[in-house]
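Residue numbers (the numbering used here): -5 to 157.
Below is the structure:
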């Protein structure tokens, strides 16, 4: 009788373990799955020889409210998030030291003439046709790395010196 009870208890405990494992896996992944940011259309403008900085652009969409806090690339000493704004009739560029807000579900475009990424302290010129790895860091979501194509802006008539 004792052997049958022990076997029954062992069978029940084994049966109890197996169904709970699949249930645990999705719940463990849920926080990560909701705090994600996707990046599309990443590209950088070619830089002139000798330039110490370069401009890059990307469209970011966060699943939940988040903030782009910075990033890195092996091609430069630092990657900064910059904004363009007009003060007293002059366009000025400044680093967004607090980061760039990414409202949930809204595509936020970093584009020429507006908010953009600056690669400071380039290790070599950005040459059209190559790709540059950019790693983005966020307040909540895990970091992501994208391959940015180095190319001229797609729009015609745009000032190529601006970023």
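Just so you know, even glycine gets a beta-carbon here, dropped at the ideal spot from N, CA and C.
Cβ-Cβ distance between residue i and residue j below 9 Å
i	j	result
residue 141	residue 128	yes
residue 55	residue 136	no
residue 61	residue 95	yes
residue 90	residue 102	no
residue 88	residue 115	no
residue 64	residue 108	no
residue 98	residue 34	no
residue 47	residue 104	no
residue 85	residue 110	no
residue 100	residue 125	no
residue 165	residue 42	Missing from the structure shown is residue 165; the chain here goes from -5 to 157 and no further.
residue 80	residue 73	no
residue 130	residue 139	yes
Delimiting residues of the beta strand (DSSP E) encompassing residue i
i	result
residue 128	125 to 132
residue 90	Unbroken run through residue 90: none, as it is neither H nor E.
Per DSSP, the bridge partner or partners of residue i
i	result
residue 162	As shown, the chain starts at -5 and ends at 157. That puts residue 162 outside it, with no answer to give.
residue 143	37, 125
residue 116	70
Residue i in three-state terms, based on DSSP
i	result
residue 103	strand
residue -5	Only weak support exists for where residue -5 lies, its pLDDT of 49 falling under 50; the value from the coordinates is given anyway. If DSSP states are grouped into helix, strand and coil, residue -5 belongs with coil.
residue 138	strand
What runs of the beta strand (DSSP E), each 3 residues or longer, lie entirely inside the segment 31 to 83? For the segment 31 to 83, whole beta strand (DSSP E) runs of length 3 or above, ordered along the chain, are 31 to 38, 47 to 56, 60 to 66, 70 to 81.
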